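Peer 1:
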Amino acid sequence: MLAALGLWLSMPQGAFATATLANPDWDITVSEFGYSDLLIYNAGPFPAGFLHEMLSGEWVAAIGYEGLGVAEAAMWLEPDLLDPTWTTNSGFEVVTALTDLADPDADGLPEWYSVIKNGVVEIHIFFDMEDTMTGTPMGLRDGAFVLSNRYVLRQTYRVTNKTNSPLQGLRFYQMLHGHPANTEADKVEEVYDPDVHAAGALPTFRYDITQYATNSGAPTGHWTPFNFADHVGMHSEVLPNAWGLGHYRNSGPGKPVDNDVDGDGDGDGIHFEIERDSLEKETHFGPDEVGGAMRHDLTALDPGKSVAFEFMLTVRSEFDEPAFDQTEGPTFSIDFQGPSITLPDSFAGLPIDQGTILTTSPPGAPGPNPALPGPLPSPGYMVPGVLLPPTPFGAMAGEVDAFSYGRDHGARLLFSVDEFAVGVATAGIAPDVASEGSSGAEEASADIFAYLGPVAFTPPGPGAGNVQFYDGSGTLPDGTPSTPGFGLIEPNPAASGLPDHGDNLDAFDNDTTLADVLGMLYFSLDAGFVDPLEGAPVNSGSATPFGVSPADVLVLPPGGIPVTVIDANALGLDLEGPGTDDLDALIFHDADDSVSLTNGDVILFSVRRGSAVIGELDSMLGIPIVEGDILSPPDEEGDPPAIFVPAEALGLATARGSQESGGDELDALDLPEPGSSLGLVVGGALLSWLRRRRGRC
Numbered sequence: 107m108l109a110a111l112g113l114w115l116s117m118p119q120g121a122f123a124t125a126t127l128a129n130p131d132w133d134i135t136v137s138e139f140g141y142s143d144l145l146i147y148n149a150g151p152f153p154a155g156f157l158h159e160m161l162s163g164e165w166v167a168a169i170g171y172e173g174l175g176v177a178e179a180a181m182w183l184e185p186d187l188l189d190p191t192w193t194t195n196s197g198f199e200v201v202t203a204l205t206d207l208a209d210p211d212a213d214g215l216p217e218w219y220s221v222i223k224n225g226v227v228e229i230h231i232f233f234d235m236e237d238t239m240t241g242t243p244m245g246l247r248d249g250a251f252v253l254s255n256r257y258v259l260r261q262t263y264r265v266t267n268k269t270n271s272p273l274q275g276l277r278f279y280q281m282l283h284g285h286p287a288n289t290e291a292d293k294v295e296e297v298y299d300p301d302v303h304a305a306g307a308l309p310t311f312r313y314d315i316t317q318y319a320t321n322s323g324a325p326t327g328h329w330t331p332f333n334f335a336d337h338v339g340m341h342s343e344v345l346p347n348a349w350g351l352g353h354y355r356n357s358g359p360g361k362p363v364d365n366d367v368d369g370d371g372d373g374d375g376i377h378f379e380i381e382r383d384s385l386e387k388e389t390h391f392g393p394d395e396v397g398g399a400m401r402h403d404l405t406a407l408d409p410g411k412s413v414a415f416e417f418m419l420t421v422r423s424e425f426d427e428p429a430f431d432q433t434e435g436p437t438f439s440i441d442f443q444g445p446s447i448t449l450p451d452s453f454a455g456l457p458i459d460q461g462t463i464l465t466t467s468p469p470g471a472p473g474p475n476p477a478l479p480g481p482l483p484s485p486g487y488m489v490p491g492v493l494l495p496p497t498p499f500g501a502m503a504g505e506v507d508a509f510s511y512g513r514d515h516g517a518r519l520l521f522s523v524d525e526f527a528v529g530v531a532t533a534g535i536a537p538d539v540a541s542e543g544s545s546g547a548e549e550a551s552a553d554i555f556a557y558l559g560p561v562a563f564t565p566p567g568p569g570a571g572n573v574q575f576y577d578g579s580g581t582l583p584d585g586t587p588s589t590p591g592f593g594l595i596e597p598n599p600a601a602s603g604l605p606d607h608g609d610n611l612d613a614f615d616n617d618t619t620l621a622d623v624l625g626m627l628y629f630s631l632d633a634g635f636v637d638p639l640e641g642a643p644v645n646s647g648s649a650t651p652f653g654v655s656p657a658d659v660l661v662l663p664p665g666g667i668p669v670t671v672i673d674a675n676a677l678g679l680d681l682e683g684p685g686t687d688d689l690d691a692l693i694f695h696d697a698d699d700s701v702s703l704t705n706g707d708v709i710l711f712s713v714r715r716g717s718a719v720i721g722e723l724d725s726m727l728g729i730p731i732v733e734g735d736i737l738s739p740p741d742e743e744g745d746p747p748a749i750f751v752p753a754e755a756l757g758l759a760t761a762r763g764s765q766e767s768g769g770d771e772l773d774a775l776d777l778p779e780p781g782s783s784l785g786l787v788v789g790g791a792l793l794s795w796l797r798r799r800r801g802r803c
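Following our numbering, the numbering of the sequence shown begins with 107 at its first residue and continues without gaps.
#1: I'd like the span of the alpha helix (DSSP H) that includes Glu754, first residue to last.
#2: Buried or exposed: His337, going by 16 or more other Cβ atoms within 10 Å of its Cβ?
#3: Quick check on the burial criterion: 16 or more other C-beta atoms within 10 angstroms. Buried or exposed for Trp192?
#4: Could you tell me which of Leu681, Ile667, Thr462 and Glu199 sits nearest to Asp451, measuring between CA atoms?
#5: Please name the residue in Val669, Gly591, Pro638 and Asp617 whose C-alpha comes closest to that of Tyr628.
#6: I'd like the span of the beta strand (DSSP E) that includes Ile380, first residue to last.
#7: What does the Cβ neighbour count give for Gln317, buried or exposed, with the cut at 16 atoms within 10 Å?
#8: How would you write the range of the beta strand (DSSP E) that Val227 sits in, first residue to last?
#9: Apply the 10 Å Cβ neighbour rule to Asn288 and answer buried if 16 or more other Cβ atoms are within range, or exposed otherwise.
#10: Mind pulling the beta strand (DSSP E) runs of 3 or more residues that sit fully within the region 606-657?
#11: Which whole-angstrom value is the C-beta distance of Ile667 and Val659, which I expect to be below 8 Å?
#12: Just confirm the distance between the C-beta atoms of Leu253 and Gly241, as a whole number of angstroms; I'd bet it's less than 8 Å.
#13: Exposed or buried, Met160, counting other C-beta atoms within 10 Å across all chains shown (16 or more means buried)?
#14: If you compare alpha carbons, which of Val732, Gly455, Ala406 and Glu178 is closest to Ser484?
#15: Expressed to the nearest angstrom, what Euclidean distance is found between the alpha-carbon atoms of Leu62 and Pro663?
#16: Which value, in whole angstroms, describes the spacing of the CA atoms of Ala755 and Asp632?
#17: Measuring CB to CB, does Trp92 end up less than 8 Å from Tyr313?
#18: Closest to Ile231 by C-alpha separation, out of Ser544, Gly175 and Phe417, would be which residue?
#19: Output needed for Glu424: all residues of its chain with C-beta closer than 8 Å, excluding positions within five of it in sequence on either side, in chain order.
#20: Would you kindly check if the distance between the Cβ of Glu381 and the Cβ of Ala179 is under 8 Å?
#21: Is it right to say Asp206 is buried, meaning 16 or more other beta carbons lie within 10 angstroms of its own, or is it exposed?
#22: Ordered along the chain, which non-local residues of its own chain (more than five positions away) have a Cβ less than 8 Å from that of Leu478?
#23: Should Met181 be labelled buried (16 or more other beta-carbon atoms within 10 Å of its own) or exposed?
#24: Sorted by chain position, which residues of the same chain lie with C-beta nearer than 6 Å to Gly500's C-beta, five sequence neighbours on each side aside?
#25: Let's test the definition: count the other Cβ atoms within 10 Å of the Cβ of Glu505 and tell me whether it reaches 16, buried, or not, exposed.
#26: Could you compute how far the alpha carbon of Thr330 sits from the alpha carbon of Ala697?
#27: Can you have a look at Gln274 and say buried or exposed, based on whether 16 or more other CB atoms are within 10 angstroms of its CB?
#28: Tell me Gly170's beta-bridge partners as DSSP assigns them.
#29: Beta carbon of Glu682, beta carbon of Ala718: below 8 Å?
#30: What's the gap between the Cα of Glu236 and the Cα of Ser412?
#31: Once DSSP output is grouped into helix, strand and coil, what is the label at Glu505?
#32: Hey, could you find the ends of the beta strand (DSSP E) Glu296 is sitting in?
#33: Quick one: what's Ser220 bridged to in DSSP?
#34: Counting along the chain, where does the alpha helix (DSSP H) carrying Ser541 start and finish?
#35: Let me know if Glu640 comes out buried or exposed under the rule of 16 or more other beta-carbons within 10 Å of its beta-carbon.
#36: Looking at the strands, I want to know which residues DSSP matches up with Leu692.
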């Protein structure tokens with residue numbers, strides 16, 4: 107997601123610079139040594155939460171000659187390889203930094219160069235992005251091929267002998283380790299194909315190594331609504347003197363291993379084959395985490411003379427359009443304190459985390475699945491890791507504590523509470539917050555409750571209350587089936603500190619479809635300030651590393667990066683300063699699909715216990731705001747929010763007016779699309795009321 111290029115640029119690379127060469131469909135970030143670890147394909151859709159990485163491996167060169175001066179037969183040009191991160195035997199230094207040639211062929215595409223040297227040779231590296239219009243053949247052997255994306259990268263190394271003696275036994279290597287379709291598992295295949303294919307442009311680049319995979323777009327291959335068939339290729343106009351196909355495994359720190367896959371007694375790590383000068387001329391390898399290499403030779407290079415080696419890098423991506431039906435079901439997230447965190451999800455066995463949007467497991471992927479009576483297995487992934495691995499944020503906390511797909515505009519308010527909620531015994535219909543809360547069954551934090559009153563502005567005072575809508579586990583305390591649920595762990599007794607004994611559902615959407623999962627995801631992150639009932643340091647502070655407020659609303663577009671779309675101040679929050687309030691429940695209806703808050707949109711929200719706005723007088727009723735209120739934006743920016751439905755009307759206990767922050771906290775909220783004519787009428791009244799109040803937009 108956010109700033110994958112920034113991630114690479116922030117990695118240890120000494121003083122070496124990089125440049126990003128972009129065309130309309132994809133971009134590649136290269137170093138001064140001709141190396142790249144990052145090629146992002148930008149054309150077409152891709153599952154939310156991931157980047158469409160096609161390389162995320164190695165595009166790297168090496169050189170060999172007599173008297174090389176290192177133990178290996180080849181010296182890498184790039185000193186520091188990434189992901190996996192290891193230091194090579196390079197003796198090269200930069201002579202001329204990456205320089206933009208300012209498009210000398212006037213094709214509107216980037217052309218750059220750099221110069222490096224090691225005391226024996228000087229290498230001028232030229233990068234030329236080219237539009238072939240049709241694509242070029244990517245050979246698959248036995249007459250088969252596919253045409254690449256129209257844009258290709260031609261990369262030329264001009265090697266000059268800077269010594270006073272002929273350079274004997276010159277060998278030049280180019281290696282490719284691709285991750286087509288973002289595949290980081292051992293599911294990639296590769297072939298070497300020298301055939302001429304009478305199609306497309308640049309047919310003279312006939313000597314091909316093509317790496318290909320079919321994958322969901324998730325690095326681990328677990329389910330997403332898409333299926334991608336991607337290819338990454340390396341091409342040469344000149345018959346290589348040697349080539350090799352092998353493995354290049356692992357993405358952690360350290361040089362990849364050199365396992366003997368084919369049983370011939372030699373390792374098949376392609377990087378070791380280059381260092382041993384033992385490329386074995388295979389024609390097919392995989393499925394595995396693959397790498398391929400070509401070697402071009404020159405018997406001798408006289409002093410002061412130069413020779414050029416040119417290679418071409420290509421990509422191709424195809425995807426199956428997901429078939430949307432009317433299947434829908436709840437999706438939700440849980441906070442980081444509960445026992446379901448790190449448990450394997452039921453779709454792919456991936457560890458559940460606080461940044462993942464989940465659905466009930468049965469009947470299985472793809473989902474979203476309906477809530478069901480238990481007992482149930484753990485939930486399954488729907489939107490993996492909104493701000494956690496495998497995204498470029500690494501180990502940063504990614505607690506997502508509110509989300510919406512931007513189409514909440516129905517007639518029934520659904521909500522959840524945390525484990526400290528006690529409810530009001532005289533409000534609602536049992537089972538309700540009072541019966542399920544901390545003075546009852548201690549299961550309310552994983553449940554969903556329905557507000558029994560109308561979706562309309564509600565004056566202060568007791569109201570209709572609530573009734574249980576979904577049970578977190580789907581079972582009664584004795585394990586027998588109950589109200590449909592999600593497979594979460596209950597009970598969750600109220601206690602400060604870590605860990606919680608049960609799960610706390612902290613964000614929710616009732617009627618999610620596959621189209622929603624592939625669309626805009628609006629969300630908010632967690633604050634780091636103390637919850638008075640939890641004690642320090644229980645809150646994650648996930649907003650802080652990303653430079654946003656926990657009261658901001660962000661959007662994650664399909665295949666894009668999160669950006670702030672609704673500032674905290676527009677909601678009447680953070681009036682005491684940035685990060686002083688935490689939005690922890692969200693309803694949003696983007697009526698005009700503008701991906702912003704405009705006239706005609708609906709937004710309702712709640713704030714977390716400990717927010718500075720709690721205790722402030724709201725801008726509508728003039729009463730103190732509490733953590734169980736459903737709020738709407740003020741008429742005038744700079745004013746506090748307006749209370750739309752007071753906590754008491756929902757059947758929640760409050761400490762309103764006591765200067766204490768110890769009432770029931772509402773921490774998830776949804777307004778599902780209407781399912782009846784009554785719903786349409788009431789929902790329409792809500793929209794009309796809120797639109798009148800937001801006429802200033």
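Cβ coordinates follow ideal geometry from the N, Cα and C atoms, glycine included.
Just so it is clear, the structure is predicted and the values come from calculations on it, not from any experiment.
Peer 2: In short:
#1: It spans Ala753 to Leu756 - the alpha helix (DSSP H) in which Glu754 sits, taken as one unbroken run.
#2: Using a 10 angstroms sphere on the CB of His337, the tally of other CB atoms reaches 16 or more, which defines it as buried.
#3: exposed
#4: Thr462
#5: Val669
#6: Counting along the chain, Ile380 falls outside any beta strand (DSSP E), though it belongs to the alpha helix (DSSP H) covering Ile376 to Arg382.
#7: buried
#8: Val227 to Asp237
#9: buried
#10: 611-618 and 627-631
#11: Not quite, the Cβ-Cβ distance comes to about 15 Å (not below 8 Å), so this is no contact.
#12: Leu253 to Gly241, Cβ: 4 Å. Contact.
#13: buried
#14: Gly455
#15: Because the chain is modelled from 107 through 803, residue 62 falls outside the range shown and cannot be assessed.
#16: 26 Å
#17: Past the boundaries of the shown model lies residue 92; the chain is included only from 107 to 803, so the question cannot be answered.
#18: The residue with the shortest Cα to Cα distance from Ile231 is Phe417.
#19: Phe334, Ala335 and Asp336
#20: yes
#21: Burial is judged here by how many other beta carbons sit within 10 angstroms of a residue's own beta carbon; Asp206 has fewer than 16 and is exposed.
#22: Thr466, Pro468, Gly580, Pro590 and Gly591
#23: buried
#24: Only weak support exists for where Gly500 lies, its pLDDT of 30 falling under 50; the value from the coordinates is given anyway. Once the five neighbours on either side are set aside, Gly500 has no close Cβ partner at all.
#25: buried
#26: The alpha-carbon atoms of Thr330 and Ala697 are separated by roughly 27 Å.
#27: exposed
#28: Gly170 is bridged by DSSP to Arg277.
#29: yes
#30: Answer to the nearest angstrom: the Cα atoms are 24 Å apart.
#31: coil
#32: Val294 to Asp299
#33: Ile231
#34: Val539 to Glu542
#35: buried
#36: Within the DSSP bridge table, the entry for Leu692 names Phe711 as partners.
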